[in-house]
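Chemist:
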Amino acid sequence: MYQYDHYDQAMVDARVAEFRGQVERRLSGELTEDQFKPLRLKNGLYLQLHAYMLRVAIPYGTLSSRQMRLLGDIADKYDRGYGHFTTRQNLQYNWIKLEQTPDILADLATVEMHAIQTSGNCIRNISSDQYAGAAADELVDPRPYAELLRQWSSFHPEFDYLPRKFKFAVIASETDRAAMRLHDIGIQIVANAAGEIGAKFHVGGGMGRTPMIAPVIREFVPALQMISYAEACLRVYNRYGRRDNKYKARIKILIHEIGADEYRRQVEEEFAHILTLGLEPPAAELARIQSFFADPSFEAELPEAIDRSDPDFAVWLDQNTVAHKHPGYTVVTISLKPIGGIPGDASADQMRLMADLARDYSFDELRVTHTQNIVLPHVKKADLYALWQMLEGAGLGSANLDLISDIIACPGLDYCSLANARSIPLAQKISARFADMDRQRDLGELKVKISGCINACGHHHAGHIGILGVDRKGTENYQLSFGGSEAADTSLAQITGPGFSEDGVVDALEKATEVYLAQRSDGERFLDTYRRIGMAPFKEAIYG
Amino acid sequence: MKILTGNDLKTGDVVWWDGQDWSRDVNDAVDVGAEADAILAREDAALRVNAGYAIDAQRTADGVRPAHIKDRIRALGPTVRLDFSLKPADTDISGWVL
Ligand code: SF4
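Chains as they are written, first to last, in our numbering: chain P, 1 to 544; chain G, 545 to 642.
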């Protein structure tokens, strides 16, 4: 894992001290709320429906056990004993006191963490593939490139007041596990014909009010020029992005309006200029960063065989583990989606347990996924049964990765002041309706994603089944949509028709699964069947 | 009736204007009529409330009920964590919210 150098630590410590002074000035009345609000947002502190909320950055979703343990301790010490892992691989605390926030940030700084740039119109936390460094199918570990971007974008003075917020995702495999093309900039680390490593730039994707899939702006940028190319992309956006209209201010709208070709032309012009300045990071710096992401000391000649005699364990094994690049190891996903639970929530005790399990079984490392689960990236196959038993004992053993109960749900109207409708109770009802494991597994991969408003934090546009909460004359109403995907086959979900009540949408969803079961061909997922037969049969079943 | 809500500046707790002070319980809220702006300006300046605003509500047999669902959830607490709500012992609170 990356470790802060003197500069990183000094920057974060200085920011804590600065914010402490700002909080003191707010509490004494020297600053009004209007003056203070942009300052607190720069430090990830929101005022939500019930209380202050603090969003903590987890760069590219990677955590050490020490960091996860501290997140649990903070939940106990300053919050109400739990936290919420988000679709941006961050953690949110829901019940924060303003007067304690500087102390929380100081605690976070002791484990190289912060909440800087988790809000505001700046470059946000860089997200990545949760299986980075472990996946059997990756070209290289994408995290050194994400870390390079993190360093470049932290406190970047030119990009501190962008027209709107700006999100990067970096992956390095053909399988997209990070919704890469639904980001403002999605980078895939690739190799060219000569075998050199570089970055493929997709620019102008996003969800929200106007969902768009990012077009490719450049097929290959040499690795050490990636920062300069990103700088050029941002500079053109910063110059022409629609500051006059909040709803048209994201880069996707700019690219849509001027066209990808014209945007590319301007970026290339800017890029050529930047290259003359010689601002690229030295190769030694990339190598230094890469050294932090070297493989842990994997053992050789470990046993591959796993005793599957416990049937519940066997189901979990099949569902929640994926191939590791090193023999004898596997990648484990810990589901934060128990039946009837709150997607993405973990108690302080669960966080500390996951930290201990990472220390004992996964070289001290954990990952947060954009689907609101936790990953132990490097677990010996021989340790899986013991690990699973401990997860089971802590309510963390749900065997539902990518199944219908592995639902993404944003905080919605239970916590979020922007929401139109609640997301979490709906997720709970759907998972309860489909609680039967055999039924879930028969339905296979089926990604349900729920947002409580058009901002789409719950990624509903990318759901095989997406649900959007809307306000219909003061009551909660839910729009259903089918056919979205955040994977390599990225697509945007299409609305089925008129919306439903909370119970109505669960019934409609169930009817859609019945259509799928009746119509599927061998090996087809729900999404494949939908793509083959189209909306009509589903509509007929739902509204018929 | 018009009632006032906001957050405690230091703690962020949701508060309601009870005519004298800020209460954690929506049922203490009083009708401020046309005084909303004046009270909020005074209380904000005195740092007794943060981000205050006026909402419509009704006084019912069950207490004070904000007109909009968002404010009812704000008054109650998250419906998915009733242990942190105004009515932690009431298992059938959804009727009040809806
Ligand atoms: S999608 Fe809307 S309701 Fe959900 S967290 Fe985002 S802003 Fe809040």
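No residue lacks a Cβ here, since even glycine has one placed at the ideal position from N, Cα and C.
Inspect the CB distances between the region 98-106 of chain P and the region 132-141 of chain P and report whether three or more fall short of 8 Å.
Modeler: In short, these stretches do not touch, since the Cβ pair count stays below three.
Chemist: Suppose you measure from the CA of E174(P) to the CA of L275(P); what does that come to, to the nearest Å?
Modeler: Counted from its first residue, the first sequence places residue 174(P) at position 174. Counted from its first residue, the first sequence places residue 275(P) at position 275. So the two alpha carbons sit approximately 29 Å from each other.
Chemist: Using 10 angstroms around the beta-carbon of D79(P), count the other beta-carbons present and answer buried if the total reaches 16, otherwise exposed.
Modeler: For the purposes of this step, residue 79(P) is taken as the residue at position 79 of the first sequence. It counts as buried.
Chemist: Would you kindly check if the distance between the Cβ of L426(P) and the Cβ of I450(P) is under 7 Å?
Modeler: Sequence index remark: in the first sequence, residue 450(P) carries index 450 (1-based). Sequence index remark: in the first sequence, residue 426(P) carries index 426 (1-based). Yes. Within cutoff.
Chemist: With a threshold of 6 Å (Cβ to nearest heavy atom), would G466(P) be considered close to the ligand SF4?
Modeler: Locating residue 466(P) in the first sequence gives position 466, where the first residue counts as 1. Flag unset: Cβ of G466(P) not near the ligand SF4.
Chemist: Confirm the yes/no value for this check: CB of P343(P), any heavy atom of the ligand FAD, distance under 6 Å.
Modeler: Summarising the ligand content, the structure contains the ligand SF4 and does not contain the ligand FAD.
Chemist: For the region 91-111 of chain P, which residues have a CB atom closer than 7 Å to at least one CB atom of chain G, in sequence order?
Modeler: Taking 7 Å as the Cβ-Cβ cut-off against chain G, the residues of the region 91-111 of chain P that qualify are I96, K97, L98, E99.
Chemist: In angstroms with no decimal places, state the Cα-to-Cα distance between H273(P) and I217(P).
Modeler: The residue you call residue 273(P) lines up with position 273 of the first sequence. The residue you call residue 217(P) lines up with position 217 of the first sequence. Answer to the nearest angstrom: the Cα atoms are 18 Å apart.
Chemist: Which residues mark the beginning and the end of the beta strand (DSSP E) in which N238(P) is found?
Modeler: Within the first sequence, the letter at position 238 stands for residue 238(P). Not the beta strand (DSSP E): N238(P) falls in the alpha helix (DSSP H), residues 226-240.
Chemist: For a contact defined as C-beta to C-beta under 7 Å, what are the partners of D645(G) on chain P?
Modeler: The displayed coordinates of chain G run from 545 to 642. Any statement about residue 645(G) would go beyond what the structure contains.
Chemist: Going straight from the alpha carbon of Y4(P) to that of L105(P), what length do you get?
Modeler: As a first step, residue 4(P) must be located in the first sequence, where it is residue number 4. As a first step, residue 105(P) must be located in the first sequence, where it is residue number 105. Their Cα atoms are separated by approximately 16 Å.
Chemist: Out of curiosity, what's the CA-to-CA distance linking M226(P) and L413(P)?
Modeler: Along the first sequence, read from residue 1 onward, the residue named residue 226(P) stands at position 226. Along the first sequence, read from residue 1 onward, the residue named residue 413(P) stands at position 413. Going from the Cα of M226(P) to the Cα of L413(P) covers about 39 Å.
Chemist: Report all residues from its chain with a CB closer than 6 Å to the CB of F363(P); omit the five preceding and five following residues, and keep chain order.
Modeler: In the first sequence, the residue the question calls residue 363(P) occupies position 363. Excluding residues within five positions, the ones whose Cβ falls inside 6 Å are P296, H378.
Chemist: In angstroms with no decimal places, state the Cα-to-Cα distance between D489(P) and V576(G).
Modeler: By one-based count along the first sequence, residue 489(P) stands at place 489. By one-based count along the second sequence, residue 576(G) stands at place 32. Taking the straight line joining both Cα atoms gives about 56 Å.
Chemist: I'd like to know if S425(P) contacts chain G, where contact means its C-beta is closer than 7 Å to some C-beta of that chain.
Modeler: If you number the first sequence from 1, residue 425(P) lands on position 425. The sequence given here has Pro at residue 425(P), not Ser. Taking Cβ atoms only, chain G reaches closer than 7 Å to P425(P), which makes this a yes.
Chemist: Distance cutoff 7 Å, beta carbons only. Does K631(G) sit that close to anything in chain P?
Modeler: Residue 631(G) sits at position 87 when you count from the first residue of the second sequence. No, K631(G) lies away from the interface with chain P (no Cβ there is under 7 Å from its Cβ).
Chemist: If I follow the unbroken alpha helix (DSSP H) through Q556(P), where does it start and stop?
Modeler: Absent from the structure is residue 556(P), since the part of chain P shown begins at 1 and ends at 544.
Chemist: Answer yes or no: the CB of C122(P) versus the heavy atoms of the ligand SF4, is any distance below 6 Å?
Modeler: Locating residue 122(P) in the first sequence gives position 122, counting from the first residue. No - the ligand SF4 has no heavy atom lying nearer than 6 Å to the Cβ of C122(P).
Chemist: Just to make sure I have the definition right: I need the residues of chain G whose C-beta is within less than 7 Å of the C-beta of D414(P). Which are they?
Modeler: By one-based count along the first sequence, residue 414(P) stands at place 414. Ordered by position in chain G, the residues that pass the 7 Å Cβ test against D414(P) are I617, P622, T623, V624.
Chemist: When you measure from the CB of P411(P) to every non-hydrogen atom of the ligand SF4, does any distance come out below 6 Å?
Modeler: As a first step, residue 411(P) is located in the first sequence; it is residue number 411 there, counting from the start. Indeed, a heavy atom of the ligand SF4 lies less than 6 Å from the Cβ.
Chemist: Would you say E33(P) faces chain G, with C-beta separation under 7 Å as the test?
Modeler: Working through the first sequence from its first residue, we reach residue 33(P) at position 33. Closer than 7 Å: yes.
Chemist: Quick one: using the 10 Å Cβ neighbour count with 16 as the cut-off for buried, is E30(P) buried or exposed?
Modeler: The sequence position of residue 30(P) within the first sequence is 30, counting from 1. That one is exposed.
Chemist: Looking at the C-beta of G497(P), does it have a partner C-beta in chain G at a distance below 7 Å?
Modeler: Position 497 of the first sequence, counted from the start, is the residue given in the question as residue 497(P). No, G497(P) does not count as interfacial toward chain G.
Chemist: Within 10 angstroms of the Cβ of R568(G), are there 16 or more other Cβ atoms? Answer buried if so, exposed if not.
Modeler: One-based indexing of the second sequence puts residue 568(G) at position 24. Under this definition R568(G) is an exposed residue.
Chemist: What residue does the alpha helix (DSSP H) around T513(P) start on, and which one ends it?
Modeler: Counting from one through the first sequence, the residue named residue 513(P) turns up at place 513. Note, T513(P): alpha helix (DSSP H), 502-519.
Chemist: For I58(P) versus N94(P), is the C-beta distance shorter than 7 Å?
Modeler: For the purposes of this step, residue 58(P) is identified with residue 58 of the first sequence, where counting begins at 1. For the purposes of this step, residue 94(P) is identified with residue 94 of the first sequence, where counting begins at 1. Not in contact: I58(P) and N94(P) (Cβ atoms no closer than 7 Å).
Chemist: Which first and last residues belong to the alpha helix (DSSP H) in which L527(P) is found?
Modeler: Walking along the first sequence from the start, residue 527(P) turns up at place 527. It spans 526-533 - the alpha helix (DSSP H) in which L527(P) sits, taken as one unbroken run.
Chemist: Do I547(G) and A573(G) have their CB atoms nearer than 7 Å?
Modeler: In the second sequence, the residue the question calls residue 547(G) occupies position 3. In the second sequence, the residue the question calls residue 573(G) occupies position 29. Cβ distance < 7 Å, so I547(G) and A573(G) count as in contact.
Chemist: Bridge partners for M53(P) per DSSP, in chain order?
Modeler: As a position in the first sequence, residue 53(P) is number 53, starting the count at 1. BP columns for M53(P) point to Y46(P).
Chemist: Is the region 493-507 of chain P close to the region 526-542 of chain P, with three or more CB pairs under 8 Å?
Modeler: A contact exists between the region 493-507 of chain P and the region 526-542 of chain P.
Chemist: Over the uninterrupted alpha helix (DSSP H) stretch that includes T276(P), give me the two end residues.
Modeler: Counting from 1 along the first sequence, the entry for residue 276(P) is found at position 276. 260-277 is the span of the alpha helix (DSSP H), which, as asked, contains T276(P).
Chemist: Can you tell me whether V593(G) is helix, strand or coil according to DSSP?
Modeler: Within the second sequence, the letter at position 49 stands for residue 593(G). V593(G): coil per DSSP, three-state reduction.
Chemist: Give me the chain G residues within the contact set of I342(P), using Cβ-Cβ distance strictly less than 7 Å, ordered along the chain.
Modeler: Residue numbering aside, residue 342(P) sits at position 342 when the first sequence is read from its first letter. Per Cβ cutoff of 7 Å: V624.
Chemist: Any beta-carbon of chain G closer than 7 Å to the one on G395(P)?
Modeler: Within the first sequence, the letter at position 395 stands for residue 395(P). Chain G contact via Cβ: absent.
Chemist: From T369(P) to G328(P), what distance separates their C-alpha atoms?
Modeler: Taking the first residue of the first sequence as 1, we reach residue 369(P) at position 369. Taking the first residue of the first sequence as 1, we reach residue 328(P) at position 328. In a straight line, the C-alpha of T369(P) is about 23 Å away from that of G328(P).
Chemist: Using only CA atoms, which one of L49(P), V56(P), Y263(P) lies nearest to Y597(G)?
Modeler: Taking the second sequence and counting its residues from 1, the one referred to as residue 597(G) is at position 53. If we check each option's Cα against that of Y597(G), L49(P) comes out closest.
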